[in-house]
């Protein structure tokens, strides 16, 4: 998976963040060169259609690109006609013999049929090492379907739908005050009630599930604390973790999630329950608030 | 309409942009103080639930706020119980007599019933000048419905759904090369064919409609050119227009749009057609490209 989202993100800042975050969850490279520079990621150059259009013919564009970037060439083959484009890519590789990482990219049309045809053409030309990259409005659902349908695709460029989180464009969360001067506080607004007090999350791996409790509760048997202080009075409590470390943690966390939570279609999130102590504090805090506010008027 | 979107936008940069853009289309103020400072907008302070929770009682919070900001107070009344909150706001106003712009804000529950009840309570208390502000996951559809249902709301705070453009989280457009060294160029990718050549848009106001043609075509009778050079060789061609000017242009443009294009539900966009000259150039460019690319191989 390659991050192609920069031209769709909501501003430059969001584009840099998407490149970083996608690398944490396993994307191998990004088309965002500045994000790659800042965060030590692999920059995957994408040849633009406009590059090809700027030459009188596609073959001339392919030749120029292969001469300028012999170490890593991915020929974009669908500007005019995909099958002809694949022929032009093969001819250019045979003619110039670039020795770096080679690929072709298909950005439109029937990706299953075209990728199978491309694989056959490349193999028959003695180029089994040339990878096939697909792009064009892809998301987890279309990629899952392409794989099931037997597309011969080695890498997917994913842009728009990841970069703006198209199917979940916002996360309806907010910081809420839960404790002030040692006093647990909460909101009683209809449909927006919060739980008071400082929290801790107690995770059990098998069977998987989280308990949300108070920060000073004893750890229930078979569970571990998830929350730890990251910053105290402005001072970081541990070294900043790099992308490789974040990536490893993500992989481990993902591994522990139950299978039904990892389904692409209709995933079922694991159950999260409050501890009895948190329930009791919620009840008490609410009762105290209602009494005090009634009296105050 | 007040911009409340900052806490949901995809980064700080996007938050500043949303405040600016929403002011261009008629929003009267923003909760984003930095955007207001940068772009000369009205900053509308929003009292947070956490502010109220930080005091032992709601009444104490209201009193403190009214004393600190007597010039502009909007009491957030739904932290614990909305009707009680309205009573506390009325009591605080009567007690401290702030003379600035006064309002209450309802952020949850049945906004129609609560706003009608609030209006009645405020009027009966001799406070008809106290405005009612509503917020909480609002968008154009819910606001339209609230107005139809007779809610007594003077101003709406709109955040999440505007700040991330929730129902259209991305605009599927891109810069395309249409001309290179004086030669018209185009893309023939399946489903992504572009029209070649430098363009002009010719608008007719009545009946409303746009023609897209070539930049050097004569203006068809009854139409006007929409595109004009903004920058040439890095030099701005006219003074930067301010928000007031942009706002006036938006209002005028909106006025000219046909009614069916302005419907909130299922709007029908006006027809946009190519001119015969653009059609002819598209045909010729495609023919030339296909011939050249076939020959090249």
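Chains as they are written, first to last, in this note's numbering: chain A, 1 to 297; chain B, 1001 to 1297. Don't be surprised by glycine CBs; every beta carbon is placed ideally from N, CA and C. Here the structure is a predicted model, which is why all the values come from computation and not from measurement.
Please list, in chain order, all residues of the same chain as residue i whose beta carbon is under 7 Å from its beta carbon, the five residues on each side excluded.
i                       : result
residue 66 of chain A   : 73, 92, 96, 98
residue 1200 of chain B : 1213, 1214, 1215, 1217, 1225, 1227
residue 121 of chain A  : 86, 90
residue 209 of chain A  : 270, 271
residue 203 of chain A  : 210, 223, 224, 226
residue 136 of chain A  : 107, 108
In chain A, which residues lie less than 9 Å from residue i when you measure between Cβ atoms?
i                       : result
residue 1032 of chain B : Within 9 Å Cβ-Cβ: nothing; residue 1032 of chain B doesn't reach chain A, min ~14 Å.
residue 1065 of chain B : In chain order: nothing, as chain A lies at least about 15 Å away.
Taking residue i as the query, report the chain B residues whose CB atoms sit under 8 Å from its CB, ordered along the chain.
i                      : result
residue 11 of chain A  : 1010, 1011, 1013, 1014, 1017
residue 213 of chain A : Neighbours of residue 213 of chain A on chain B: none; closest Cβ ~21 Å, over 8 Å.
What's the C-alpha gap between residue i and residue j?
i                       : j                       : result
residue 1231 of chain B : residue 1182 of chain B : 19 Å
residue 53 of chain A   : residue 1008 of chain B : 39 Å
residue 167 of chain A  : residue 1260 of chain B : 28 Å
residue 165 of chain A  : residue 1123 of chain B : 45 Å
residue 1154 of chain B : residue 1033 of chain B : 22 Å
residue 158 of chain A  : residue 138 of chain A  : 6 Å
residue 1300 of chain B : residue 1274 of chain B : What the structure shows of chain B is the stretch from 1001 to 1297, and residue 1300 of chain B is not part of that stretch, so it cannot be assessed.
residue 267 of chain A  : residue 117 of chain A  : 34 Å
residue 1309 of chain B : residue 1143 of chain B : Because chain B spans 1001 through 1297 in this model, residue 1309 of chain B falls outside it and cannot be assessed.
residue 1162 of chain B : residue 1169 of chain B : 10 Å
residue 1002 of chain B : residue 1030 of chain B : 5 Å
residue 1223 of chain B : residue 1134 of chain B : 43 Å
residue 156 of chain A  : residue 68 of chain A   : 24 Å
residue 190 of chain A  : residue 1076 of chain B : 14 Å
residue 188 of chain A  : residue 285 of chain A  : 10 Å
residue 258 of chain A  : residue 205 of chain A  : 9 Å
residue 1111 of chain B : residue 175 of chain A  : 24 Å
residue 1039 of chain B : residue 82 of chain A   : 48 Å
residue 1291 of chain B : residue 25 of chain A   : 45 Å
residue 42 of chain A   : residue 140 of chain A  : 22 Å
residue 1237 of chain B : residue 1229 of chain B : 7 Å
residue 1061 of chain B : residue 1105 of chain B : 14 Å
residue 1147 of chain B : residue 1028 of chain B : 18 Å
residue 246 of chain A  : residue 252 of chain A  : 10 Å
residue 12 of chain A   : residue 283 of chain A  : 45 Å
residue 196 of chain A  : residue 280 of chain A  : 10 Å
residue 1056 of chain B : residue 1240 of chain B : 50 Å
residue 1287 of chain B : residue 1235 of chain B : 37 Å
Going by DSSP in three states, residue i sits in which element: helix, strand or coil?
i                       : result
residue 73 of chain A   : strand
residue 1216 of chain B : coil
residue 235 of chain A  : strand
residue 290 of chain A  : helix
residue 276 of chain A  : helix
residue 1264 of chain B : coil
residue 12 of chain A   : helix
residue 1003 of chain B : strand
residue 107 of chain A  : coil
residue 1119 of chain B : helix
residue 1223 of chain B : coil
residue 211 of chain A  : strand
residue 249 of chain A  : helix
residue 1271 of chain B : coil
residue 114 of chain A  : helix
residue 96 of chain A   : helix
residue 1102 of chain B : strand
Please list the partners that residue i has in chain B, where partner means a Cβ-to-Cβ separation under 7 Å.
i                      : result
residue 170 of chain A : 1008, 1160, 1164, 1166
residue 135 of chain A : Correct list: empty, because the minimum Cβ distance to chain B is about 11 Å.
Starting from the beta carbon of residue i, find every residue of chain A whose beta carbon is closer than 7 Å, and list them in chain order.
i                       : result
residue 1108 of chain B : 189, 190, 191, 192
residue 1174 of chain B : 7
residue 1289 of chain B : 80
Would you mind telling me which residues of chain B sit closer than 9 Å to residue i, beta carbon to beta carbon, in chain order?
i                     : result
residue 25 of chain A : Correct list: empty, because the minimum Cβ distance to chain B is about 17 Å.
Interface residues of chain A around residue i at Cβ under 8 Å?
i                       : result
residue 1053 of chain B : 177, 180, 185, 186, 187
residue 1049 of chain B : 176, 177, 187, 189
Tell me which residues share the same chain as residue i and place their Cβ nearer than 6 Å to its Cβ, disregarding the 5 neighbours each side in the sequence.
i                       : result
residue 1005 of chain B : 1018, 1159, 1162, 1163
residue 102 of chain A  : 73, 130
residue 1070 of chain B : 1098, 1100
residue 194 of chain A  : 176, 186, 187
residue 16 of chain A   : 35
If I measure Cβ to Cβ from residue i and keep anything under 8 Å in the same chain, skipping five residues before and after, which residues do I get?
i                       : result
residue 1128 of chain B : 1122
residue 109 of chain A  : 78, 82
residue 1152 of chain B : 1115, 1116, 1118, 1119, 1132
Every unbroken alpha helix (DSSP H) within the segment 1128 to 1206 of chain B, with a cutoff of 4 residues, ordered by chain: 1140 to 1148, 1160 to 1163
Length-filtered (4 minimum) alpha helix (DSSP H) runs lying within the segment 16 to 82 of chain A: 33 to 39, 49 to 53, 58 to 68
The segment 1076 to 1088 of chain B: positions lying closer than 7 Å to chain E by Cβ: In summary, chain E is missing from the structure at hand, where the protein chains are A and B.
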